[in-house]
Structure formats: structure tokens, C-alpha cells
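Just so you know, we're using the working numbering here: the sequence shown kicks off at -4 and counts up by one.
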Amino acid sequence: MPRQLVSATFAAIARRRAARAFHPRGELFDANIELADRASAVATALGGTGERRALVRLSKGAGTPGRLPDLLGVAVRVELGGHVLDVLFTSGRRLLGPSTGWGRRPYTTLLPYAAAGNRVVLGLEPEEPQRSGGADPDAVRGALPLAFTLTEHRRGRPPSPIGRLVLESVHRGDPVAFDPTRNTHPDLQPAPPLRRLRAWAYAGSRRGRGAQAQALHRAPGRDG
-4 MPRQLVSATF AAIARRRAAR AFHPRGELFD ANIELADRAS AVATALGGTG ERRALVRLSK
56 GAGTPGRLPD LLGVAVRVEL GGHVLDVLFT SGRRLLGPST GWGRRPYTTL LPYAAAGNRV
116 VLGLEPEEPQ RSGGADPDAV RGALPLAFTL TEHRRGRPPS PIGRLVLESV HRGDPVAFDP
176 TRNTHPDLQP APPLRRLRAW AYAGSRRGRG AQAQALHRAP GRDG
């Protein structure tokens, strides 16, 4: 019953909006992600350091118009060993909060990931806070390349930089549907809190807006 209720609620919201239930307005970018710290739990889980192509969607949580503040979202997709991996970040650090621009606040997964026997929270720190303009995703088009430092936070330790994410160009390919509860890696998994609830919500949102099945699995550099 809870599954049906959650899924139906998010499907209804998406159907009414003719868009995602949350984060309806966004822009998709081609990007590059680099893992540079071989001692990090994430690099260990994903097979080591190195650069990988990525797809990144910048979006506004509530869909406020134009430059108005909102909970800003950064959805990142990479392909690793045949697995499509989605990781979603929202503006804030220990608590989520609205932001007035893409470079004004850090971003966090908030909920932890299980990685190489550790629980870690991932973050993004804007490298040039004033470069990206206001909160409208369209504003980023004129601020490319846009770079973030990728951080890893283990309990009892301060966040440590482990790599970089660089948005390079506007994505001209087919649409993408992100789902961090389905698109996971065997060695980098969202920790249990709220995972089932999130899975039901994402599935309902996709159904409500009629998202194509292939959009859920489309990898960076593989359009069509």
C-alpha cells in the first residue's frame, strides 16, 4: 500500500506538470569527471582513479521561474564497467537550502553511500563562485566550462577533495531520466535510509510524465 500511494502521488504531480514531479526545469550538459585520490573510498569502489565522460543535469527543485532562488540540483551520470551510475546532489552541506546561483553554495548527496566498506557523503564545491550567474539553469550556458571539486566525507573526518567535475558543453543528444536508486554500481550503493521510498517516487514520476525506458539507461556519449 505505501508503495502504491507514493508512486501514484508522484505520478499525479508529474502528470499535472507534464514534467518531473520535482526538479522539473533543467538543462543537460556534457561533462568530464576525474577521480584523483586513489585512497578515497569512492575511487576504491569504482576501480581506481582516472577520467570519465559524464552527463550532468542542472535543475531547480521547485521549478521557480528565472533567477529566483530554489533548491538547486546537480544530477551526474557516468558509465563504469557496463553499469550506468547516477549520483544526485542538492544545494546545501549538512542541511539542504535554496541558492541564488550555481556557484553560491556547496552541494551534497545528504544521504550516505556505501563504498568500499565505508559510509560516505559526497559533495561538490564550486571552484569559481561568481562565474555561473543566477539560479536559472540557462545562465550556465554562458559560463562554461564550469568546474566543481568533488569531495568525500566519512564520519568523524572533515570532507576531503577526491576529484573534479567539469561541465564542458550543452548536451545536444536525447533526453535522460536519472534515478540514483536504480542506476547504481555494485560497489557504490545508496545506503538504506529512504531508499525504497525514493525508488517508488522516481518510478511514479517517470510514469506520470511518460518518460521513455531507454532514457533511464542512456550512457554518456551514446545517444539514440
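Using N, Cα and C, we set each Cβ at its ideal position, and we do this for glycine too.
Alpha-carbon to alpha-carbon, residue j and residue i
| i | j | result |
| --- | --- | --- |
| Arg136 | Glu22 | 9 Å |
| Pro156 | Thr146 | 4 Å |
| Lys55 | Thr85 | 9 Å |
| Leu183 | Asp174 | 14 Å |
| Thr44 | Gly203 | 38 Å |
| Ala110 | Gly128 | 34 Å |
| Arg100 | Leu119 | 9 Å |
| Gly219 | Arg152 | Any reading at Gly219 must be qualified, since the residue scores a pLDDT of 45, below 50, and its modelled position is unreliable; no value is offered. |
| Leu192 | Asn178 | 15 Å |
| Pro124 | Arg62 | 16 Å |
| Pro170 | Val161 | 20 Å |
| Ser200 | Ala3 | 9 Å |
| Asn27 | Glu46 | 7 Å |
| Gly92 | Arg10 | 26 Å |
| Pro60 | Gly205 | 23 Å |
| Gly76 | Asp32 | 19 Å |
| Ala7 | Arg88 | 31 Å |
| Pro121 | Gln207 | 32 Å |
| Ala158 | Glu29 | With the sequence shown as reference, residue 158 is identified as Gly, and Ala is not the correct amino acid for it. Approximately 5 Å, taken between the alpha carbons. |
| Thr103 | Pro(-3) | 27 Å |
| Leu53 | Ala70 | 7 Å |
| Ala138 | Gln(-1) | 42 Å |
| Ala13 | Asp25 | 25 Å |
When the options are compared against residue i, the one with the closest alpha-carbon
| i | options | result |
| --- | --- | --- |
| Ala36 | Val69, Gly98, Val116 | Val116 |
| Val82 | Phe17, Tyr108, Pro124 | Tyr108 |
| Ser164 | Pro140, Ala172, Leu41, Thr176 | Pro140 |
| Phe17 | Trp97, Tyr197, Arg150, Arg126 | Tyr197 |
| Leu105 | Leu90, Trp97, Arg114 | Leu90 |
| His180 | Ala194, Arg72, Gln209 | Arg72 |
| Gly168 | Arg15, Gly216, Leu53 | Gly216 |
| Ala40 | Arg12, Ala49, Pro185 | Pro185 |
| Leu50 | His166, Gly112, Pro187 | His166 |
| Arg20 | Ala172, Ala194, Thr144 | Ala172 |
| Arg213 | Trp195, Arg48, Arg190 | Arg48 |
| Ala235 | Gln209, Ser94, Arg150 | Absent from the model: residue 235. The displayed extent of the chain is -4 to 219, so no value can be given. |
| Asp131 | Ala34, Gly96, Arg190, Leu80 | Gly96 |
Cross-strand partners of residue i (DSSP beta bridge)
| i | result |
| --- | --- |
| Phe143 | Pro121, Leu160 |
| Arg177 | In DSSP, Arg177 forms no bridge with anything. |
| Thr103 | Thr85, Gly118 |
| Arg149 | Val115 |
| Ile28 | Arg47, Leu160 |
| His78 | Leu75 |
Extent of the continuous beta strand (DSSP E) to which residue i belongs
| i | result |
| --- | --- |
| Ala109 | 108 to 110 |
| Gly45 | 45 to 55 |
| Asp32 | Looking at the DSSP string, Asp32 is not in any beta strand (DSSP E), and its letter there is neither H nor E. |
| Ala70 | 67 to 75 |
| Gln184 | 183 to 185 |
Boundaries of the alpha helix (DSSP H) in which residue i is found, first to last residue
| i | result |
| --- | --- |
| Gly203 | 190 to 204 |
| Ala40 | 36 to 40 |
8 Å Cβ cutoff, residue i in contact with chain C
| i | result |
| --- | --- |
| Ala134 | Absence of chain C from the displayed structure is noted, only one protein chain being present. |
Residue i: CB within 7 Å of a non-hydrogen atom of the ligand GTP
| i | result |
| --- | --- |
| Leu192 | Looking for the ligand GTP in the displayed structure turns up nothing, as the structure carries no ligands at all. |
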